[in-house]
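These notes are about the structure you will find just below.
Protein chains: 2
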Amino acid sequence: MGKTKRIFTLLLRLMAFAATLSATIVMVSSHETASFFAVSFEVKYSDTPAFKYFVIANAIVSIYGFLVLFLPSESLLWRLVVALDMVFTLLLGSSISATLAIAQVGKKGNSSAGWLPVCGQVPKYCHQVTGALVAGFIGLIMYLLLLLYSIHTILNPLLLQKT
Amino acid sequence: MGKTKRIFTLLLRLMAFAATLSATIVMVSSHETASFFAVSFEVKYSDTPAFKYFVIANAIVSIYGFLVLFLPSESLLWRLVVALDMVFTLLLGSSISATLAIAQVGKKGNSSAGWLPVCGQVPKYCHQVTGALVAGFIGLIMYLLLLLYSIHTILNPLLLQKT
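Chains as they are written, first to last, in the working numbering: chain A, 1 to 163; chain B, 1001 to 1163.
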């Protein structure tokens, strides 16, 4: 029973690591050269602070996820991992929200602020940002599952011993 | 000792409730009529999906924070509160990030997307959004403190009993 659980959480962590790593790579590699009335310009993720934040957050969470994979199962550090999981889930969720907010303006524009949608000009760039968002979102769901699982296993002994 | 801790967490929850409630109110009441070349238009929070999300998230967290204030200290539901605190902190953090991302574009614009800064035209509106963000941020910090405190008190008995 204990072994199945360990394999289950390890699989979740592997998938979370893969998701955040691919979110980082897809976002970093997103760029497109668009031409607009004979003026050509390049759009990159680094033009938008929210996208830079997304890359940094996903890179940090990927490094953390990679390191945790090699933590031996007897280590006392696992108690710290619950707190760290929480902090990094928060970081991931906040970076996805910021990116989503900007991507929504890019797709639909904002008429009251006079911001026009730009996805028509740079469709490939928009698709890549959407892909990065989906990957980041999958990573977030994995970390949420891990967190709920940790809370479940932590609360169980407390419920049994009735403090 | 137990009583001091209870008063401390109650104070934190009261402050968190006050912060998220004021964030909601300040954001909902934010609007400004700007005139631009004899054309006058009104900007409201509901023009921007990210701001609507901010209002909804802060309202939900306020209601939750209000209800928790009346939970008797002997209740078994406190174990659930840890998980709920986590979920609502995530919600709050994500709404603040989305709002911050849009507010940053409003303040500085985004030259690669051709979005111009709008805070020059609607300074009062911008100040209100900033105020709502600050209040939301204070609420987030309170909830983070509560979460870290919960994790600390939950992990402590586990460390002592050495499972």
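For glycine and all other residues, C-beta sits at the position ideal for the given N, C-alpha and C.
Rounded to a whole number of angstroms, what is the C-alpha to C-alpha distance between residue i and residue j?
i: Arg1006(B); j: Ile1138(B); result: 20 Å
i: Phe66(A); j: Phe17(A); result: 6 Å
i: Pro49(A); j: Ala1101(B); result: 8 Å
i: Val1028(B); j: Tyr1125(B); result: 11 Å
i: Ile1060(B); j: Leu1012(B); result: 18 Å
i: Thr1009(B); j: Ser94(A); result: 25 Å
i: Val118(A); j: Phe1041(B); result: 24 Å
i: Tyr1045(B); j: Ile1025(B); result: 11 Å
i: Asn110(A); j: Lys1107(B); result: 15 Å
i: Ala1132(B); j: Trp115(A); result: 22 Å
i: Val1081(B); j: Ala1113(B); result: 43 Å
i: Ile1063(B); j: Val1087(B); result: 14 Å
i: Ile1096(B); j: Ala1083(B); result: 20 Å
i: His127(A); j: Val105(A); result: 14 Å
i: Leu1071(B); j: Val1134(B); result: 28 Å
i: Asp47(A); j: Glu1074(B); result: 53 Å
i: Leu1076(B); j: Leu76(A); result: 28 Å
Of all the CB atoms in chain A, is at least one closer than 8 Å to the CB of residue i?
i: Gln1128(B); result: no
i: Trp1115(B); result: yes
i: Pro1072(B); result: no
i: Asp1085(B); result: no
i: Leu1145(B); result: no
i: Val1081(B); result: no
i: Asn1110(B); result: yes
i: Ser1035(B); result: no
i: Val1055(B); result: no
i: Met1001(B); result: Bear in mind that a pLDDT of 47 at Met1001(B), under 50, signals an unreliable position, so the number given afterwards is only what the model happens to contain. No - not a single Cβ of chain A is within 8 Å of the one on Met1001(B).
i: Ala1016(B); result: no
Taking the beta carbon of residue i as the centre, do at least 16 other beta carbons fall within 10 Å, making it buried, or is it exposed?
i: Gly136(A); result: buried
i: Thr153(A); result: exposed
i: Phe1054(B); result: buried
i: Gly120(A); result: exposed
i: Trp78(A); result: exposed
i: Thr1163(B); result: For Thr1163(B), the pLDDT reaches just 42, beneath the cut-off of 50, and the residue's location in the model is therefore unreliable, although a value from the coordinates is still provided. With fewer than 16 other Cβ atoms within 10 Å, it is exposed.
i: Thr1004(B); result: exposed
i: Leu1090(B); result: buried
i: Ser22(A); result: buried
i: Gln1161(B); result: With a pLDDT of 49 at Gln1161(B), under the threshold of 50, the modelled position of this residue cannot be trusted, and the question is left open.
Taking residue i as part of the alpha helix (DSSP H), name the residues at either end of that continuous run.
i: Asp1085(B); result: Trp1078 to Lys1108
i: Gly65(A); result: Pro49 to Leu69
Quick one: what's got a C-beta closer than 7 Å to residue i's C-beta in the same chain, skipping five residues either side?
i: Asp1085(B); result: Tyr1143, Leu1146, Leu1147 and Ser1150
i: Val1043(B); result: His1031, Glu1032, Ala1034, Val1122 and Tyr1125
Does any CB atom of chain B fall closer than 8 Å to the CB of residue i?
i: Ile151(A); result: yes
i: Pro49(A); result: yes
i: Thr89(A); result: yes
i: Ala135(A); result: no
i: Ile102(A); result: yes
i: Gly93(A); result: yes
i: Ala98(A); result: yes
i: Thr24(A); result: no
i: Gly106(A); result: yes
i: Val118(A); result: yes
i: Val43(A); result: yes
Looking only at its chain, what residues have a beta carbon closer than 6 Å to the beta carbon of residue i, apart from the 5 residues adjacent to it on each side?
i: Ala1103(B); result: Val1129
Strictly below 8 Å CB to CB, what residues from chain C border residue i?
i: Ser75(A); result: Note that chain C does not occur in the displayed structure, where the protein chains are A and B.
Keeping to the same chain, check which residues put their C-beta closer than 8 Å to that of residue i; ignore five residues upstream and five downstream.
i: Ala164(A); result: As shown, chain A starts at 1 and ends at 163. That puts residue 164(A) outside it, with no answer to give.
i: Leu14(A); result: Leu69
i: Leu1092(B); result: Thr1020, Ala1057, Asn1058, Val1061, Gly1136, Gly1139, Leu1140 and Tyr1143
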